[in-house]
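Step one of this worksheet: look at the structure below.
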Amino acid sequence: MVKNQIKRLIKSVLGFKEANLLDLLKQKGLQVGENFTMRDGCIIDFSHAWHITIGNNVTLAPRVHIIAHDASTWYYLSHSKVKNVTIGNQVFIGAGSIILPGVTIGDNVIVGAGSVVTKNIADNSVYAGNPAAFIMTTTAYIAQEKEKMTAENCFNRSYSEAEKATMEKKQRVKQMAEQYGTAFVE
Numbered sequence: 071m072v073k074n075q076i077k078r079l080i081k082s083v084l085g086f087k088e089a090n091l092l093d094l095l096k097q098k099g100l101q102v103g104e105n106f107t108m109r110d111g112c113i114i115d116f117s118h119a120w121h122i123t124i125g126n127n128v129t130l131a132p133r134v135h136i137i138a139h140d141a142s143t144w145y146y147l148s149h150s151k152v153k154n155v156t157i158g159n160q161v162f163i164g165a166g167s168i169i170l171p172g173v174t175i176g177d178n179v180i181v182g183a184g185s186v187v188t189k190n191i192a193d194n195s196v197y198a199g200n201p202a203a204f205i206m207t208t209t210a211y212i213a214q215e216k217e218k219m220t221a222e223n224c225f226n227r228s229y230s231e232a233e234k235a236t237m238e239k240k241q242r243v244k245q246m247a248e249q250y251g252t253a254f255v256e
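In our numbering, the protein residues as written are 71 to 256.
Structural data, given as structure tokens:
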């Protein structure tokens, strides 16, 4: 945590922001669709960015790594392996996940936090784990979560940290998460 804070401080002092990084990656050949969100600490293979294609409506949660090369062969072959990585449309990749070279992630996919994606993921799938494994369809997952939503445990954006929710609002969300097992915030 302290390491990330130091990195952010250095970046801010030097005027280096995540938006600048994305622009540099695009200059290196990264292809990104509309409505792409990359949270703090994400690493997209800078040295092989042109091997990576990301679709529309994609979110990378904090500390996601997308890697298009494997240098494990360098000392033996004097060459690194390079493979393309493709991420489809309407994809959420959870915090701390790693996407390895050669992977294609389909459309309407959710990758759980901390996952290591070593193989292709089909459309409409939820995957999690190390290595990432199929959990259920995205359709089934969303239906399952929707059933958990009630008038009491759903909150508008004013209850979020992004909107600087009051401590009273935070406590209300916490209470409902405890009572219902989960709460939902816009």
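Every residue, glycine too, gets a C-beta built ideally from N, C-alpha and C.
The Cβ neighbour count for Thr208, taken over all protein chains shown within 10 Å, is at least 16; the residue is labelled buried.
Of Ile137, Asp110 and Thr129, the smallest CA-CA separation from Phe116 is found for Ile137. Annotated three-state conformation of Asp140 is strand, per DSSP. The C-beta distance from Asn159 to Asn194 rounds to 12 Å, too long to fall under 8 Å, and the pair is not in contact. Counting other Cβ atoms within 10 Å of its Cβ, Tyr197 reaches 16 or more and is therefore classed as buried. Secondary structure within the stretch 222-252: not one fully enclosed beta strand (DSSP E) run of 3 or more consecutive residues is present. Within the stretch 99-125, the complete beta strand (DSSP E) segments at least 3 residues long are 106-108 and 122-124, listed from N- to C-terminus. Taking Met206 as the centre and dropping the five residues before and after it, the same chain places the C-beta of Val196 closer than 6 Å to its C-beta, in chain order. About 19 Å separates the Cβ atoms of Thr156 and Ser150, ruling out a contact at the 8 Å cut-off. Leaving aside the five residues that flank Pro201 on each side, the residues in its chain whose CB is nearer than 6 Å to its CB run, in chain order, Val186 and Thr188. Ala165 and Tyr146 have their C-alpha atoms some 33 Å from each other. Counted as a single uninterrupted DSSP element, the alpha helix (DSSP H) harbouring Thr209 occupies residues Thr208 to Glu217. Under the Cβ criterion (8 Å, minimum of three pairs), the stretch 239-256 counts as touching the stretch 219-226.
Between Gly103 and Ile124, the C-beta spacing is below 8 Å.
In this model, Ala232 and Val179 are separated by some 25 Å (Cα to Cα). For the pair Glu256 and Ser148, the Cα-to-Cα distance works out to about 50 Å. Scanning Val152, Ala235, Gly176 and Ile169 for the CA closest to the CA of Cys112 turns up Ile169. In the three-state scheme derived from DSSP, where H, G and I count as helix and E and B as strand, Leu130 is classed as strand. Inclusion of Phe162 and Met219 in the CB contact set at 8 Å is not warranted, their separation being larger than that value.
Distance from the Cα of Asn105 is smallest, within the candidate group Leu92, Lys216 and Val128, for Val128.
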